[in-house]
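Written out below as structure tokens is the structure these notes cover.
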Amino acid sequence: MINRVVLVGRLTRDPELKFTQSGLAVCRFTLAVNRPFRNQQGENEADFINCVTWRKTAENVANYLTKGSLAGVDGRIQTSNFEGRDGNRVFMTEVVAESVQFLEPKRKNESPTDPFPVSKGENNFGNYGTTMKEAAKNNNNHFGGSLPDDDLPF
Numbered sequence: 016m017i018n019r020v021v022l023v024g025r026l027t028r029d030p031e032l033k034f035t036q037s038g039l040a041v042c043r044f045t046l047a048v049n050r051p052f053r054n055q056q057g058e059n060e061a062d063f064i065n066c067v068t069w070r071k072t073a074e075n076v077a078n079y080l081t082k083g084s085l086a087g088v089d090g091r092i093q094t095s096n097f098e099g100r101d102g103n104r105v106f107m108t109e110v111v112a113e114s115v116q117f118l119e120p121k122r123k124n125e126s127p128t129d130p131f132p133v134s135k136g137e138n139n140f141g142n143y144g145t146t147m148k149e150a151a152k153n154n155n156n157h158f159g160g161s162l163p164d165d166d167l168p169f
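Reminder that position 10 of the sequence shown reads as 25 in the working numbering, one-by-one numbering, no gaps.
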């Protein structure tokens with residue numbers, strides 16, 4: 016089974032950062048994503064996608080993105096439900112963003128700090144929760160080891 020979502024859109028409001036009782040950062044935001052076609056009036060319509068991200072990525076999103084920021088999200092769809100205050104069952108669908116890419120430079124009227132902080136061993140592509148060493152350690156190569164250079168066709 017595959018559950019993978021890739022989105023590019025603009026934030027509809029400032030991200031909302033909260034912390035769980037155990038101190039874990041969680042950030043919620045909504046992306047406006049244009050549909051790939053126009054309606055009968057020739058206008059683009061958009062879908063408004065609720066997103067959530069955790070830990071260091073959540074803190075970075077809250078610190079560096081604002082309403083109107085262009086962002087790329089890579090994640091998965093998650094559904095949940097709970098009992099509302101009125102006793103009715105409430106169903107919720109959101110994208111759990113595993114990686115968020117900041118697709119615009121910081122605006123000129125903002126402070127001159129680095130808009131894309133990168134810890135040692137990480138890349139600039141917004142996957143702030145995983146270092147290169149962790150990613151290599153978690154990479155399960157199910158097809159055996161690497162090929163010797165002599166076996167490559169190019």
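All residues carry an ideal CB built from backbone N, CA and C; glycine is no exception.
request  = Please classify Thr68: is it buried, with 16 or more other beta-carbons within 10 angstroms of its beta-carbon, or exposed?
outcome  = buried
ask   = For Ile64, which residues does DSSP report across the bridge?
value = Leu46
Classification of Val15 by the beta-carbon crowding that lies within 10 angstroms, buried from 16 upward = In the structure as shown, the chain begins at 16 and stops at 169. Residue 15 is therefore absent and cannot be evaluated.
key: Spatial distance of Val110 from Arg19 (CA atoms)   = 9 Å
Between the CA atoms of Ala40 and Lys33 - distance to the nearest angstrom = 6 Å
key: Arg70 - containing alpha helix (DSSP H), residue span   = Arg70 to Tyr79
Three-state secondary structure assigned by DSSP to Val111 = strand
inquiry  = What would DSSP say about Leu118, mapped onto helix, strand or coil?
reply    = coil
key: Spatially closest choice to Lys82 from Ser95, Ala61, Ala47 and Glu98, by CA coordinates   = Ala47
Top-ranked residue by Cα proximity to Pro51, from Val115, Val23 and Ile17 = Val23
ask   = In three-state DSSP terms, what is Phe106?
value = strand
query = For Cys42 and chain C, any beta-carbon pair shorter than 9 Å?
reply = No chain C is present in this structure, which holds just one protein chain.
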